[in-house]
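Residue numbers (the UniProt record's numbering): 1 to 291.
From the three backbone atoms N, C-alpha and C, an ideal C-beta is built for every residue, glycine too.
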């Protein structure tokens with residue numbers, strides 16, 4: 001049986017990735033992130049489909065025959081968690097490093113995200129064919145080039161995330177709207193663990209909430225204003241920092257304390273539920289539910 005959110009997305013016309021990137025590539029952009037109850041996310045999709053979100057009806061990105069694509073990401077940090085701590089202090093030169101795999105297409109990228117002087121998110125990425133492990137050689141060179149400096153130690157995998165993403169294009173505005181559900185955080189460590197690998201919890205699942213992001217070249221979008229009218233305000237925490245703070249309660253997280261305790265209801269992942277995109281697809285195949 002189709003759930004309400006998927007049914008709402010199914011009412012929208014679709015477009016492919018090439019068409020989406022021609023209209024709204026947005027590698028340099030302003031991001032606003034919200035934690036949204038599932039029924040509100042469904043209403044947001046239905047509203048976007050009316051055409052009141054911009055010039056014309058919103059369109060849903062379709063990749064490999066589906067409008068809900070699995071995203072597998074692995075985040076890297078130094079043994080002292082330099083990237084996390086810079087974000088916690090809201091350091092001007094904060095950064096994130098991750099690999100992102102798109103199981104539906106087989107594409108995999110190494111990505112570096114930074115903030116510009118004006119507060120825009122800047123994403124750099126390069127195709128990446130290696131398995132997750134401590135970054136060396138080519139990977140470290142790419143990171144150092146994009147940051148303009150070397151980081152304070154080796155970059156090791158510290159966190160895996162998995163979720164299913166629906167991406168909408170608001171026509172005429174060059175705006176993307178992403179809606180992520182079934183967000184799962186799983187700790188990840190290289191052969192030599194970081195200074196903060198002890199006493200970490202197991203995998204955590206975000207319950208009954210979607211992470212919604214508006215991505216635009218500048219001013220707040222119609223989708224932002226729609227959410228504001230319903231009393232839903234942006235949150236500052238990233239998936240990486242939220243996952244680290246939830247899995248490592250000893251880490252400094254004062255900046256996000258309210259969001260973590262008010263907006264992120266989490267539960268331990270069940271032992272038999274899919275923890276990766278490949279396992280998720282296998283589970284859907286087994287149940288006869290995969291598109």
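Exercise. CA-CA distance, residue 290 and residue 34?
Worked result: Note that residue 290 scores 34 on pLDDT, short of 50, meaning its location in the model is unreliable; the coordinates nonetheless yield the value given after this. Rounded to whole angstroms, residue 290 to residue 34 spans 28 Å at the Cα level.
Exercise. From residue 139 to residue 129, what does the alpha carbon distance come to, in whole angstroms?
Worked result: 11 Å
Problem set entry | DSSP beta-bridge partners of residue 96 | 113
Exercise. When you compare only the Cα positions, how much space is there between residue 151 and residue 57?
Worked result: 45 Å
Exercise. Does DSSP put residue 219 in a helix, in a strand, or in coil?
Worked result: coil
For this session: Confirm, please, whether the CB-CB distance from residue 110 to residue 122 is below 8 Å.
Result: no
Exercise. Tell me which same chain residues have a C-beta within less than 6 Å of the C-beta of residue 96, skipping the five on either side of it?
Worked result: 83, 113 and 240
Exercise. Per DSSP, what kind of secondary structure is residue 2 in: helix, strand or coil?
Worked result: coil
Exercise. For the alpha helix (DSSP H) that contains residue 40, what are its first and last residues?
Worked result: 38-48
Problem set entry | CA-to-CA distance, residue 63 to residue 246, given in whole angstroms | 32 Å
Problem set entry | Exposure of residue 243, with buried meaning 16 or more beta-carbon neighbours within 10 Å | buried
Problem set entry | Contact belief for residue 223 with residue 48 at Cβ below 8 Å, rounded distance in angstroms | 7 Å
For this session: Output the boundary residues of the alpha helix (DSSP H) element that contains residue 183.
Result: Careful: residue 183 lies outside any alpha helix (DSSP H), inside the beta strand (DSSP E) at 175-187.
Exercise. According to DSSP, what are the bridge partners of residue 155?
Worked result: 135
Problem set entry | 8 Å CB neighbourhood of residue 264 in its chain, flanking five on each side removed | 35, 206, 209, 242 and 246
Exercise. Quick one: what's got a C-beta closer than 8 Å to residue 94's C-beta in the same chain, skipping five residues either side?
Worked result: 83, 86, 87, 114 and 115
For this session: Please name the residue or residues paired with residue 124 in a DSSP beta bridge.
Result: 112
For this session: Please work out which residues of its chain come closer than 6 Å, Cβ to Cβ, to residue 15, disregarding the five sequence neighbours upstream and downstream, and give them in chain order.
Result: 59
For this session: Report the residue from 178, 182 and 158 whose alpha carbon sits nearest the alpha carbon of residue 77.
Result: 158
Problem set entry | Contact check, residue 73 vs residue 178, beta carbons under 8 Å | no
Exercise. Pick from 232, 176 and 217: whose alpha carbon is nearest that of residue 38?
Worked result: 232
Problem set entry | C-beta contact flag for residue 104 and residue 69 at 8 Å | yes
For this session: Would you kindly work out how many angstroms separate the C-alpha atoms of residue 20 and residue 89, rounded to a whole number?
Result: 35 Å
Exercise. Could you give the distance in angstroms between the alpha-carbon of residue 136 and the alpha-carbon of residue 51?
Worked result: 48 Å
For this session: Put residue 253 into one of helix, strand or coil per three-state DSSP.
Result: coil
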